[in-house]
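Protein chains in written order, with the numbering used here: chain G, 1 to 201; chain V, 202 to 602. Have a look at the structure below before the remarks.
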Amino acid sequence: MNAAQLQSLPRWAALPDREALALVSMGIERHFRAGAAVGAPNLGDSAPLLIVAGECKLLLDIGDLSLPVASLTAGDWWNADSAFDNAGCPLSLRALTDTRAFLIPKEAWASLATRQAALSLHLLRQALAAQLRIATALAPHAARWQHTAAAKRKPTTKDLLELGMNKLIAPTTGRDAQVQRDVELVGHQGPAIAAAFKIQR
Amino acid sequence: MHDSPNDRPPIPPAGASEPAEQALPPTSRSGTARGGSFGFAQDSIGHAHQWLVRGQNPHQAEPDATAPPAPRGSASVTPSSPMPRMGAGPATAAPLPPRRRESSGSFHVPPGGPRPEESSPFAGVALERNSRPGQPNTNPGVGYPRPVTPNTEYRTPVSVGIVSSALAGLPIQRPRVLSAHGSGTTPNRGPTSTSGADAAAAVLALPDIPVYASPIHPHDVDVQLAFEALFQGALAPRDAAHVAARMWRQTVPAGRAVYSATEPADFADVVATGLARIEVMGPAGMVALLPLRSGDLVGLAALVGDTVHAETVVAASDLVVFCLQRDEFHKLCAEAPLLAQRVLAAGLSHAARRIRAQTERMLAYAHLDGHETVTTNAAPEPQGSRLGRLFSRLAGSKDNR
């Protein structure tokens with residue numbers, strides 16, 4: 001990939017030539033066939049990936065099933081937070097078409113922060129925008145699943161108080177909310193409560 | 202605001218209004234004769250003084266025919282407000298020119314000219330009033346609601362005579378900026394800062410703080426805790442002061458929205474104290490997705506250039522947030538790129554945590570839904586040949602027995 005191709009990506013046209021050249025020189029280009037796994041979830045030691053050409057599907061893998069969350073096209077990032085965090089992206093990425101991607105190693109990204117601050121700012125903005133798009137695309141699925149799970153059973157007040165959830169209860173405002181199902185769990189303690197109910201069953 | 206009592210206009214004797222006008226210093230005749238807040242204050246006091254003198258003097262009920270006519274150009278000395286007992290002035294005097302502040306201060310002149318209230322000689326003097334002229338005070342000391350409207354009033358610490366307390370702890374020699382004309386241009390990077398921040402230049406470009414908010418101080422406990430959680434570690438005091446100078450504190454009552462979806466993304470907010478939650482529209486109304494706590498950075502759309510927010514953030518308890526306006530973040534990018542990178546990296550980490558939390562909860566709900574075979578913390582499938590994977594699977598099944 002050259003600088004002109006990089007600048008032709010959406011939201012990359014404003015990048016100056018010199019910085020585009022610098023960025024191209026520090027990355028690695030990868031090619032993926034249609035249907036290939038571009039990225040696996042929860043890979044700790046991975047690097048941010050910029051989709052240059054083609055289309056990929058962002059998937060949430062649950063057992064043998066995959067929930068399509070969003071579609072990533074040219075200019076989108078996957079695993080952008082791995083530049084600062086070793087946790088890895090919990091979503092997998094699969095190529096729908098033949099895909100070209102540009103991988104920026106962590107070390108190269110980190111070196112940009114001091115050497116080329118403007119380029120680093122640009123990368124961070126792009127990566128953050130991509131993460132926000134993913135979070136926004138995931139939110140309706142999470143809300144629907146949460147609503148479904150909340151409608152299946154009602155946690156008792158004792159359980160909620162024991163887990164410190166008394167301040168994190170939001171009323172469900174829908175018409176179909178039953179009287180005995182009028183609360184839903186809010187917060188990061190949701191999985192813990194779910195596990196508690198599973199044990200009680 | 203006065204340097205000394207000698208600068209005040211002389212108090213005229215009762216019943217001698219015109220000589221008092223002559224005795225006024227030239228600065229009281231023109232709002233621009235002496236620039237700066239001091240000039241404004243003196244001008245305003247001069248007007249107020251004249252207004253009071255004329256209002257209290259019973260001899261001013263009728264026009265004084267012996268008094269010399271007011272010269273053209275000194276109309277600002279003559280009260281432009283028609284007092285009930287004042288016969289002279291409004292018909293002959295030119296109106297007071299509207300005072301305009303471009304980017305700072307709280308002088309607010311509507312597009313259609315000054316409102317009737319502003320014809321008073323006190324017009325434009327109320328530097329810290331919480332409501333616009335002619336409107337009730339909707340923000341009596343509480344930081345909420347945030348009037349994000351084109352007519353939002355701002356004040357500059359300089360304009361109220363107080364250099365921002367957020368800068369009080371800066372280990373630098375701060376210049377005294379007594380000019381009330383604007384907030385200056387975007388400063389350049391300074392050579393002395395370790396992070397590219399030139400704190401002395403930042404003083405010249407202090408944010409315009411809304412009247413309902415208050416500046417934050419880097420030595421405040423909530424600021425320190427929030428910054429430590431936000432930046433995942435200690436921030437140098439100088440850098441903390443620099444970031445703090447660009448933010449302000451706002452209080453949101455429990456149950457109210459910090460911002461709503463589809464609202465213009467003008468602010469990013471750092472949760473300081475209290476609880477909040479991210480809500481999105483679900484199948485049956487708003488669904489709370491994620492709790493927020495101290496150090497969480499929300500409203501990230503403002504930092505990446507998006508026009509509107511995609512989610513709603515609601516205060517679950519009484520909440521204190523530190524607001525970072527989009528323009529102030531752009532200034533921070535120009536002044537201290539490394540600091541701006543740290544802010545963006547914090548936002549990136551927060552967005553990643555949000556995605557991770559949502560997926561973990563969805564996986565947990567998949568458990569509830571009867572997918573007993575799902576393992577949320579499943580080890581990644583071993584790489585290698587098909588035979589190798591078979592052996593590893595057999596070994597795992599033996600271990601399970």
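Just so it is clear, CB atoms sit at the ideal spot from N, CA and C, and this is done for glycine as well.
Checklist entry - Looking at the structure shown, is G/R144 part of a helix, part of a strand, or coil, going by DSSP? => result For this step, residue 144 of chain G is matched to residue 144 along the first sequence. In the structure shown, G/R144 sits in a helix (DSSP, three-state: H, G or I).
Checklist entry - To which residues does DSSP link G/E29 through a beta bridge? => result Within the first sequence, numbered from 1, the residue matching residue 29 of chain G stands at position 29. For G/E29, which the question treats as bridged, DSSP gives the partners G/F102.
Checklist entry - Name the DSSP bridge partner or partners of G/L93? => result Position 93 of the first sequence, counted from the start, is the residue given in the question as residue 93 of chain G. In DSSP, G/L93 forms a bridge with G/G39, G/L58.
Next on the checklist: Please state the DSSP three-state secondary structure of G/W78.
Outcome noted: Against the first sequence, residue 78 of chain G aligns to sequence position 78. Of the three classes helix, strand and coil, the one that applies to G/W78 here is strand, per DSSP.
Item to check | Of the listed residues V/A503, V/R594, V/A458, nearest to V/D467 (C-alpha basis) | outcome: Taking the second sequence and counting its residues from 1, one reaches residue 467 of chain V at position 266. Ranking V/A503, V/R594, V/A458 by Cα distance to V/D467 puts V/A503 first.
Next on the checklist: Helix, strand or coil for V/A445? Go by DSSP, reduced to three states.
Outcome noted: Counting from one through the second sequence, the residue named residue 445 of chain V turns up at place 244. V/A445: helix per DSSP, three-state reduction.
Checklist entry - Helix, strand or coil: which one does DSSP assign to G/L15? => result Indexing the first sequence from 1 puts residue 15 of chain G at position 15. Looking at G/L15 - three-state DSSP - the assignment turns out to be coil, as it is neither helix nor strand.
Checklist entry - G/S66 to G/L60, Cα distance in whole Å? => result The count along the first sequence starts at 1 and reaches residue 66 of chain G at position 66. The count along the first sequence starts at 1 and reaches residue 60 of chain G at position 60. G/S66 and G/L60: Cα-Cα distance of roughly 5 Å.
Item to check | Which listed residue (G/W78, G/L50, G/Q131) has its alpha carbon closest to that of G/L9 | outcome: Residue mapping note: residue 9 of chain G aligns to position 9 of the first sequence, counting from 1. Nearest C-alpha to G/L9: G/L50.
Next on the checklist: Since V/V521 and V/G496 should fall inside the 8 Å C-beta cutoff, what is the C-beta to C-beta distance between them, to a whole number of angstroms?
Outcome noted: If you number the second sequence from 1, residue 521 of chain V lands on position 320. If you number the second sequence from 1, residue 496 of chain V lands on position 295. Not really, about 12 Å apart at Cβ, beyond 8 Å.
Item to check | For V/E513, the residue or residues it bridges with in DSSP | outcome: Sequence index remark: in the second sequence, residue 513 of chain V carries index 312 (1-based). The residue asked about is misnamed: residue 513 of chain V is Thr in this sequence, not Glu. Looking at the DSSP assignment, V/T513 forms a beta bridge with V/E480.
Checklist entry - Got a sec: is the Cβ-Cβ distance from G/H147 to anything in chain V below 7 Å? => result Residue mapping note: residue 147 of chain G aligns to position 147 of the first sequence, counting from 1. True, the Cβ-Cβ gap to chain V drops below 7 Å.
Checklist entry - Using the beta-carbon count (16 or more within 10 Å), is G/H211 buried or exposed? => result Missing from the structure shown is residue 211 of chain G; chain G here goes from 1 to 201 and no further.
Next on the checklist: Check whether the stretch 448-466 of chain V and the stretch 536-556 of chain V are in contact - that is, three or more C-beta pairs closer than 8 Å.
Outcome noted: no
Item to check | Anticipated Cβ contact below 8 Å, G/Q7 with G/V52, distance rounded | outcome: Here residue 7 of chain G is taken as the residue at index 7 of the first sequence, counted from 1. Here residue 52 of chain G is taken as the residue at index 52 of the first sequence, counted from 1. Contact flag wrong, Cβ pair sits at about 12 Å.
Checklist entry - What is the C-beta distance between V/R439 and V/I417, in whole angstroms, given that I count them as a contact (C-beta under 8 Å)? => result Residue 439 of chain V sits at position 238 when you count from the first residue of the second sequence. Residue 417 of chain V sits at position 216 when you count from the first residue of the second sequence. With a Cβ gap of about 16 Å, V/R439 and V/I417 do not count as contacting.
Next on the checklist: Quick test of the definition: if touching needs 3 or more C-beta pairs under 8 Å, does the stretch 484-494 of chain V touch the stretch 100-117 of chain G?
Outcome noted: no
Checklist entry - So which residues of chain V does G/H141 contact, with C-beta pairs closer than 9 Å? => result Here residue 141 of chain G corresponds to residue number 141 of the first sequence, with the count starting at 1. What G/H141 touches in chain V: Q559, M563.
Next on the checklist: Mapping the DSSP letters down to three states, classify V/P147 as helix, strand or coil.
Outcome noted: Because chain V is modelled from 202 through 602, residue 147 of chain V falls outside the range shown and cannot be assessed.
Checklist entry - Of the choices V/A437, V/V509, V/V453, whose alpha-carbon is the least far from that of V/T414? => result Start at 1 with the first residue of the second sequence, and residue 414 of chain V comes out as number 213. The displayed chain sequence assigns Ala, not Thr, to residue 414 of chain V. For V/A414, the nearest C-alpha among the options comes from V/V453.
Next on the checklist: If the cut-off is 7 Å on Cβ atoms, which residues from the stretch 46-66 of chain G count as contacting chain V, listed in chain order?
Outcome noted: L60, I62, G63
Checklist entry - Which residues bound the alpha helix (DSSP H) around V/D423? => result If you number the second sequence from 1, residue 423 of chain V lands on position 222. Run containing V/D423: 422-431, per the alpha helix (DSSP H) assignment.
Item to check | Interface flag, G/T136 vs chain V, CB-CB below 7 Å | outcome: Taking the first residue of the first sequence as 1, we reach residue 136 of chain G at position 136. Yes, contact with chain V.
Next on the checklist: Count Cβ pairs between the stretch 125-135 of chain G and the stretch 72-83 of chain G that sit closer than 8 Å; are there 3 or more?
Outcome noted: yes
Checklist entry - What do you reckon, are the CB atoms on G/R94 and G/A37 nearer than 7 Å? => result Here residue 94 of chain G corresponds to residue number 94 of the first sequence, with the count starting at 1. Here residue 37 of chain G corresponds to residue number 37 of the first sequence, with the count starting at 1. Taking 7 Å as the Cβ cut-off, G/R94 and G/A37 qualify as a contacting pair.
Item to check | Supposed close pair G/S120, V/Q542 - CB separation, criterion 8 Å | outcome: Against the first sequence, residue 120 of chain G aligns to sequence position 120. Against the second sequence, residue 542 of chain V aligns to sequence position 341. The pair is a contact, with the Cβ atoms about 6 Å apart (cut-off 8 Å).
Item to check | Separation of G/R18 from V/G475, as counted between CA atoms | outcome: Walking along the second sequence from the start, residue 475 of chain V turns up at place 274. Walking along the first sequence from the start, residue 18 of chain G turns up at place 18. Approximately 46 Å, taken between the alpha carbons.
Item to check | For G/D64, the three-state DSSP class (helix, strand or coil) | outcome: Working through the first sequence from its first residue, we reach residue 64 of chain G at position 64. Coil.
Checklist entry - Expressed to the nearest angstrom, what Euclidean distance is found between the alpha-carbon atoms of V/V422 and G/D76? => result Sequence index remark: in the second sequence, residue 422 of chain V carries index 221 (1-based). Sequence index remark: in the first sequence, residue 76 of chain G carries index 76 (1-based). Between V/V422 and G/D76, the C-alpha separation is close to 39 Å.
Item to check | V/G475 at chain G interface by Cβ criterion, 7 Å | outcome: In the second sequence, residue 475 of chain V corresponds to position 274, counting from 1. Answer no: the Cβ-Cβ gap between V/G475 and chain G never drops below 7 Å.
Checklist entry - For a contact meaning CB atoms closer than 7 Å, what does G/Q5 contact in chain V? => result Mapped onto the first sequence, residue 5 of chain G falls at position 5. Neighbours of G/Q5 on chain V: none; closest Cβ ~23 Å, over 7 Å.
Checklist entry - V/Y460 bridges to which residues according to DSSP? => result For the purposes of this step, residue 460 of chain V is taken as the residue at position 259 of the second sequence. Answer by DSSP bridge pairing, in chain order: V/V514.
Next on the checklist: Between V/A596 and chain G, is any beta-carbon pair separated by less than 7 Å?
Outcome noted: Taking the second sequence and counting its residues from 1, one reaches residue 596 of chain V at position 395. So no, V/A596 is outside the interface.
Checklist entry - In chain order, what residues of the same chain have a beta carbon less than 6 Å from the beta carbon of G/L112, not counting five sequence neighbours either side? => result Along the first sequence, read from residue 1 onward, the residue named residue 112 of chain G stands at position 112. Taken in chain order, the residues that qualify are L119, S120.
Item to check | Residue from G/A14, G/R11, G/A22, G/P16 with nearest C-alpha to G/I104 | outcome: For the purposes of this step, residue 104 of chain G is taken as residue 104 along the first sequence, with counting starting at 1. Nearest option by C-alpha distance: G/A22.
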